[in-house]
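When we follow our numbering, the leftmost residue of the sequence shown carries the number 40, and every step to the right adds one.
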Amino acid sequence: KIKSMRLWIKEQSKDPRIEPELSRKIENSADCILCLACQSFCPQVLEENYAGPLFFAKLFRFYEDPREENKELRAYQAVREGNLYHCLSCNKCNLVCPKEVEPATLIRELMQTMHVAS
Numbered sequence: 040k041i042k043s044m045r046l047w048i049k050e051q052s053k054d055p056r057i058e059p060e061l062s063r064k065i066e067n068s069a070d071c072i073l074c075l076a077c078q079s080f081c082p083q084v085l086e087e088n089y090a091g092p093l094f095f096a097k098l099f100r101f102y103e104d105p106r107e108e109n110k111e112l113r114a115y116q117a118v119r120e121g122n123l124y125h126c127l128s129c130n131k132c133n134l135v136c137p138k139e140v141e142p143a144t145l146i147r148e149l150m151q152t153m154h155v156a157s
């Protein structure tokens, strides 16, 4: 499923500068080690089409990265393919993440960013 979501940045001819604050934010989401603890504790992953906290933590990194040229694709992936707004905001994923990625926090940031963008 992750491969079908194209969670990588397409190479570009130019390499834009990334501000330190944004770099730290992106780095935090990139710290995910794919242990699936967040997925295991998320009550909403049982819903058929909810992608889950792991997916959104990874997607956050690419959506926020200035090198990503296709923000519309990332928004579509989050909302339509991943059902971003189905998150219950229970924060269980934040509590169990061994790398303190805080997927629920990233999900809320994605929701706010995409709400403003629409």
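Virtual Cβ for every residue (Gly too), placed ideally from N, Cα, C. Quick caveat, the model's predicted, so the values are computed rather than measured.
Nearest CA to the CA of residue 146: which residue from 137, 90 and 107?
Considering only 137, 90 and 107, the residue with the shortest C-alpha distance to residue 146 is 90.
According to the neighbour-count rule (16 or more other Cβ atoms, all chains shown, within 10 Å of its Cβ), is residue 55 buried or exposed?
exposed
What are the start and end residues of the alpha helix (DSSP H) that includes residue 63?
59-69
Taking contact to mean 3 or more Cβ pairs, one atom from each stretch, closer than 8 Å, check whether the segment 119-132 and the segment 82-99 are in contact.
The count of Cβ pairs closer than 8 Å, one atom from the segment 119-132 and one from the segment 82-99, reaches three, so the stretches are in contact.
Report the option in 57, 154 and 93 whose CA atom is closest to the CA atom of residue 104.
57
Quick one: what does DSSP say residue 138 is sitting in, helix, strand or coil?
Residue 138: coil per DSSP, three-state reduction.
Closest to residue 78 by CA distance: which of 149, 151 and 141 is it?
141
Pick out whichever of 117, 106, 154 and 76 has its Cα sitting closest to the Cα of residue 132.
76
Where do the N-terminal and C-terminal ends of the alpha helix (DSSP H) with residue 92 fall, by residue?
92-103
Going by beta-carbon coordinates alone, are residue 98 and residue 116 separated by less than 8 Å?
yes
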